[in-house]
Each structure stands twice: as structure tokens, then as C-alpha cells.
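Encoded as C-alpha cells, the structure appears first; notes follow it.
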Amino acid sequence: MSTKKVHTFCRICEPYCGLLAEVEDGRIVSLTNDKDHPLHKGFSCHKGIRYLRVHQDPDRLNHPLRRGNARSEERGDFAQVSWDQAATDIGAKLNDIVRRYGDKAIAMYTGNPIVFSSSFFTNAEALTAGFGAGPRFGALTQDCANKFAGSEAIYGAFLVHPFPDFLHTDYFLGIGCNPAISHMAFMEVSDPMAKLRAIKQRGGKTVFINPRQIESATPETGDVLQIRPDTDFYFLAGLLHEIIFKIGYDRQRVEKHAKNLDELIEFVKGWPAERAASVSGISLDAIREIAREFCAAPAASIYMSTGVNQGSQGLLAYWMLNMISLLSGNLGKRGGNLHSVGFCPTAQFSKRKQDQPFFQSEFGEMRAIAGTLPGNLMAEVFESRQNPVKALIVVSGNPLLSIGGEARLRAAMQGLELIVVLDIYRSATAELADYVLPATDFLEREDINTLGLGHQLEPHVQYTPAVVPPHGERREDWWILSRLLQAMGRPSLLDDPQPKPFAAVEAMLQYSGLSLDKLKELPCQTAILPETNPEDLFRFAVQNDDGLIDCCPEVFRRGHASAERHWRALLAEPKDQLKLITRRNGLMVNSWMHNLQVHKKSVHMTNPLWMNPQDAESRGLFGGSEVSVQTDFGQVQAELVFDETLRPGVVAMSHGWGQSKAYGLTTARRFPGVNVNQLAAVGPGTFDVLSNQAQLTGINVKVTAIPSP
Ligand code: SF4
893 MSTKKVHTFC RICEPYCGLL AEVEDGRIVS LTNDKDHPLH KGFSCHKGIR
943 YLRVHQDPDR LNHPLRRGNA RSEERGDFAQ VSWDQAATDI GAKLNDIVRR
993 YGDKAIAMYT GNPIVFSSSF FTNAEALTAG FGAGPRFGAL TQDCANKFAG
1043 SEAIYGAFLV HPFPDFLHTD YFLGIGCNPA ISHMAFMEVS DPMAKLRAIK
1093 QRGGKTVFIN PRQIESATPE TGDVLQIRPD TDFYFLAGLL HEIIFKIGYD
1143 RQRVEKHAKN LDELIEFVKG WPAERAASVS GISLDAIREI AREFCAAPAA
1193 SIYMSTGVNQ GSQGLLAYWM LNMISLLSGN LGKRGGNLHS VGFCPTAQFS
1243 KRKQDQPFFQ SEFGEMRAIA GTLPGNLMAE VFESRQNPVK ALIVVSGNPL
1293 LSIGGEARLR AAMQGLELIV VLDIYRSATA ELADYVLPAT DFLEREDINT
1343 LGLGHQLEPH VQYTPAVVPP HGERREDWWI LSRLLQAMGR PSLLDDPQPK
1393 PFAAVEAMLQ YSGLSLDKLK ELPCQTAILP ETNPEDLFRF AVQNDDGLID
1443 CCPEVFRRGH ASAERHWRAL LAEPKDQLKL ITRRNGLMVN SWMHNLQVHK
1493 KSVHMTNPLW MNPQDAESRG LFGGSEVSVQ TDFGQVQAEL VFDETLRPGV
1543 VAMSHGWGQS KAYGLTTARR FPGVNVNQLA AVGPGTFDVL SNQAQLTGIN
1593 VKVTAIPSP
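Here the sequence shown stands for residues 893 to 1601, where the numbers follow our numbering.
Right, here's the structure in full:
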């Protein structure tokens, strides 16, 4: 028997936690946290460790599948075909579609998991551009397009997101985040909870702003101020107003690095803390105290995440957040918000290409952010009269469950001539496909941690070999897309008899005098890099041509009217209006990990509606009963579960559920839950036109009892 241990790392979320795999006779027999890892030192969460069950799941795809029945039949009749047959068929169909409808008829959708693959991430442009000029969609417009659009406008580059320096900060303000559960996005940090506890241990303070009493708020970290959902912009604007008009700031220092300060001041003038207090549920005194404490701390840092991003004003909120950091003197300061270069500066790769991103379309004014159109318009774009889409390639994504209005999108997808899905599972979206192509999981793939570049709290670079070769006929995504391009007769990475999917990675590593070979020689294949220089934010991150941070980009000024409208609407709402927020749990990530039996226990067997008992009592609703949750756009039925951690007036559900039609997922289908995104608005006028961000949280809902039969 041959046995070996392989140091590898998780690729589910940003921390890229070190894992140790034990391999016997070519099979992985255990996966644990890696205590030898020089940075993570054994930290990981159970999702990373349980990924071995994903790797071993009998429902995994092992061969290319071709549909034999009409797409109108809910359950696909899939049969195994060879890679050559699948590629030849798909290539011929795509070429035929392009011949009949032109170069814009092939749409693509890329999901979240694929961005953790460095061979895809660093070749994404080449791998997708070859399919023509058709529309591109992605998961980002469901949870973070506001941040991309915000940074593109402020810093001139959509991949610049100054992160809180947990290691040195004296004050941390975290809004709409829950590090204990989500481990932080747009920031590569190992064991964030330990670092939050350390802030308090060294005499600092953490304050969370969230509608829930979140798991991250403990006596060892800090308290939560329970904000009314979707009012974060007003809260942040109120803080900035206090800084500008009451506390004061160093104008000379700000203007050394930034422009359009007077325009920012003019905007913020209209949003004093009093207005924030009137709608946010956070008192005027509390807002003022936070502003004072933030500015008085030797170093203060600020961060927001999905709970704000998915609201109706995530872009404006992110603008305020960055300006609070800048004007309080904490941007580019140790203990404040930083930009880390890591092993290679990458901000310039996302530099804004045009000053005026908007264009007129048959659906009104539109833009692309990071090349991506609004997911809320996906169905309309497919059915465009001017440029109809006839083929869709989905790379590691599940748009049916992640975009609002599942029924609308399902109907639009029915009208496509060809759907090709690359995935590790036959997901709900894959069930609609004509071809489902089996991708490798992260244990079958060579990689390094590229996604965190720019956002690493502790700069490092780690390499993993493929722990085991791909099972069955699974292939890496770069190979599959290249094979399809090759079948279309278009240039691809496979034109090289010895394809080099890591050529860009190697070039990037050279910046730090590293190479894949050098990394392979290091303990856990990991190089620890020098601590971030706070000045790097100004030297490497800012990509505006004049080298200055833009305090008031033109695109934001347009937000004033919508902020005013939304504030008035909030004031006019009835006192008992319920607001639905999305709630993550520690077992699932979006629609991933739903097929693991080990995750189906207690409250995680379904997707309940969480409600504060006070709200239930005032409506005559009972815990454990079935309720109807309604918006103007949809209705779902769910079990009511009491949750005293919710602010009264707030209810919560998780997204990523609704697996009843995912016939390839045995366990997920047995515990389907309900797709809460069916309650969200979709179509023209339902998303933030400035950023393409969908609103998936802070939604007004009505909850009523369903009479028992
Ligand atoms: S925190 Fe994220 S990267 Fe780390 S083990 Fe868990 S899922 Fe994986």
C-alpha cells in the first residue's frame, strides 16, 4: 500500500485555509486542518474539512452528459458521451448559432466557485472572449457588484478594496458582516474571530452593525447595534457628516491623496446624523458616539459585507465607508484600512477602461461592471429583439437559484437552443442543460491563492499540487472551455502542444522573485511575504490617471435622488412593516454543499422563515407552523421558527435553497427547502443601475398564516 500526506488548501472562501490530505493508493482517505501550515496553523472550518465528502459524493459528475429529451421536460434524460463527441457536437452547434444569429448570440454565466481557481482566474479573459461578444453574467451582481462599481469610481480599479488591518487596529466597525459564519469576503484573513478577540485583549473595541444579534458578537469581541435593514447608507452618511461638520479632519492630508472633496462635502451636507437616526433605528447619540470613538481611536478600521451589498443602496454605502476611512485619516494607515500588494500588484489589471460606462439599450440605460451585465436582466437579454441570445455557457454557477425570479429565468432558458453547463454536480441549472460537462473539484486541481491579491491581511502565497488525479473523466475548467473553443476552430490554450495554464501565474510570481518550483520546495509550499506597507495603498492601488482618489465621482452624485426617495419611503412605512433579510449559516455557501447528508440536521433540514417571537405574537403566528411569505413579486411557503436574535420587524431566510428540481442531487432534493430569491424583484428597473447590484435583502414582506388542512 502506498500512502502519502499532501499539504493543500481549501478553496471555498477567501481564507484559503491550509488542509492536510492523506492519500492511500491514489485515494484521499482523510482531510484535516493543517497544523504545520506557517500561517493558518491548523485553522479551518468544518466546510473545508467536509469537502472530502463532496470529493467522494456518488452524485458527482464523472463523465460528459448529453440530454436526450426536450428541455421542456423537467427531469433531464442524460446519457454519457465521450469528450470528443461532446466537444464536437457543442462546437458545431455554437458555430451554427453564430452563423445564423451573429457573434453576440452566445451568453456566458460564471459562478462564484470558479474564481478560486487560479488557472481559470488568470486566463479568464482568454477563456471567455473566444466565445464572441455575447453578454456576460455572473454571481457578482447578486452579492458584490456595488463594491466593484464603487472601487472603480473611487480608485479607478474595480479590484481595489481596502481591508481592515485587524492586526493593529484599535477600533473596528463591521457593518452587515458576520465573520464567525462567513469568514469575511474581499479580505483574506485566517481565523478572523481570533483576530477580533485580540482587538479587545489589547484594549481596543469592536462594534457590529447588523439587524441580528450575530454569532460574531461575543463578550470577547464586541456588541451589535441592531440597525433597521437597508438603512446602512444613512447610518454611514450620518457618521461622515459628524466627521466633516463636527469632529473635523485634516484637509491637507486628504487633498494630498484625493480630489473632489468639496463635492463630497456638498453631498454629505444633506445627510446629517439626525436623518440617519430617523430611519435606521440607531439613536442619534449612538451614531455620534461611534463617530467620536472612531476618530479618537489611534487607528480605526471599517468594513461592510453582504448584508449591505445586497441592499438597495450598497453602492452609496460603500462610497461613504471609503470616505469615512479617508477623512478620519485611517485610509492607508497601519491599523486602519490597507491595500496589500502580496506577491504581485494587480490593481492595474482592473483599471477603469472608460470614463462613461453607461450606454442605451432596449432595456433602458445599462452598464457592465467587471464585464458583467445585471443578472436581474438575464431573462430579458436572452429574449432581446435586437441581439437574441441562443446559447448559454454556465461555468460553475447556478443562476436559476441565485438570481431572483426563478420562474422567469427558467422560462427564458427554455427558449435557448443550447445550454452547456460546466460543474461538479448536476445542479438545478444543469438540469436544464443540453450538455453537462464534469469539472474537477479543488482536491483534483493544482493551484495558488490568487483571489486574495490586494486584500491579504498577512501577505503570503501558497501552492498546492492536485492531491489526486481527476476521477473519471473530470477535467479542469480551463481545459473544458479550451476544448470547446478548439472544437469551434477558434484559438485556445490547447493550440500549444504543451498547454501552459499557469504561464500568467508564473509571470506574476516573478515579481516577488518566486516561481512555482520555488514554492514547491517550501514547508507547506507556502512563502510568507513582508508585512504590508500602509503607503502601498497610495502607491499601488489608486489607478485614476491623476493618481488621486476621487471623493465624489460623477456616478455617485446621481445617487442623491434615489437616496432621498428611499428615505422618504422608509419614513412613510407602517410601523409594523416586516423586512426580509438573507441569513447565511455555517454549513452551506450559497447553493454549494447542499448535497451532504451530514449538513442535514435540526433547523438545517429546510429553509425556515426566522421571526422574532414578538412579531409572531402580534400576528397570531405560531412557531413550527407553515406561513406564507409574500412580496409584490412572489410568494413562498416556509416553516416559521422563532429567533430572538432578530431585531423586531425583521425576518430572515437563507438563499441557495429550492433544490426540488435538482434531480441529480439525491440529498439536496430530499431536503429541498424553498428558493427565497423568488421573492425578489427582477427585470428592468429592479436593480441599482449605477452598479448592476440586485436587491436581495431588506425586502418588504407580508407574512400570513396558512390554515392547516
Ligand atoms: S473558512 Fe473558508 S477557506 Fe477556510 S476551511 Fe472554511 S470554507 Fe474553507
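Beta carbons: idealized from backbone N, C-alpha and C, even for Gly.
In this structure, G1206 is the residue among A1271, G1206, T924 and L1219 with its C-alpha nearest to the C-alpha of T1123. In this structure, S1288 sits away from E1254, with a CB-CB distance that is not shorter than 8 Å. The beta carbon of R1476 sits closer than 8 Å to the beta carbons of N1070, I1073, S1074, T1198 and S1546 from its chain, once the five residues preceding and following it are set aside; these are given in chain order. Counting only the Cα atoms, D1115 lies some 31 Å from K1492. Annotation: the continuous beta strand (DSSP E) that includes K1097 extends over K1097 to I1101. Inclusion of K939 in the 7 Å shell around the ligand SF4 follows from its C-beta lying nearer than that to a non-hydrogen atom of the ligand. Distance from the CA atom of V1490 to the CA atom of F935, rounded to whole angstroms, is 21 Å.
According to DSSP, residue pairing for M1545 in a beta bridge involves T1474. H1458 sits in a helix when the DSSP states are folded into three classes. Short note on Y993: C-beta not closer than 7 Å to any heavy atom of the ligand SF4. Taken through DSSP and simplified to helix, strand or coil, W1484 comes out as strand. In the DSSP annotation of this structure, the continuous segment of the beta strand (DSSP E) that includes L1329 starts and ends at Y1327 to P1330. Ranked by Cα distance from A962, the options C1036, G1577 and D1326 are led by D1326. Runs of alpha helix (DSSP H) with 4 or more residues, each lying fully within the segment 1414-1471, are found at 1446-1449 and 1451-1464, listed in chain order. Close CB contacts of F1534 within its chain, under the 7 Å cut and outside five residues either way in sequence, are with M1503, P1505, A1508 and G1515 (chain order). For R1375, same chain residues with a beta-carbon under 8 Å away, outside a window of 5 residues either side, are W975, A979, R1367, S1384 and L1386 in chain order. For A1169, the enclosing alpha helix (DSSP H) starts and ends at A1165 to S1172. For I1157, the shortest C-beta to heavy atom distance toward the ligand SF4 is 7 Å or greater. Contact between A1049 and K1243 holds: their C-beta atoms lie close to 5 Å from each other, under 8 Å.
Boundaries of the beta strand (DSSP E) harbouring A999: I998 to T1002, taken from the DSSP string. If you look at K939, you'll find it in the alpha helix (DSSP H) that goes H938 to Q948. If you draw a straight line from the Cα of S1204 to the Cα of P1415, it is about 46 Å long.
A direct Cα-to-Cα measurement between P1027 and I1091 gives close to 45 Å. Contact annotation: L1208 and P1054 have beta-carbon atoms that are not nearer than 8 Å.
The straight-line gap separating the alpha-carbon atoms of P1351 and L1345 is approximately 8 Å. According to DSSP, residue pairing for V1286 in a beta bridge involves Y1001 and V1313.
Between the alpha carbons of E1365 and A1419 lies a distance of about 33 Å. In terms of Cβ geometry, D1442 and N1229 do not form a close pair [threshold 8 Å]. Between the alpha carbons of L1032 and A1016 lies a gap of roughly 15 Å.
Here L1479 is not near T1559, since their CB atoms are 8 Å or more apart. Taking the CA atoms as reference points, R1539 sits about 52 Å from I989.
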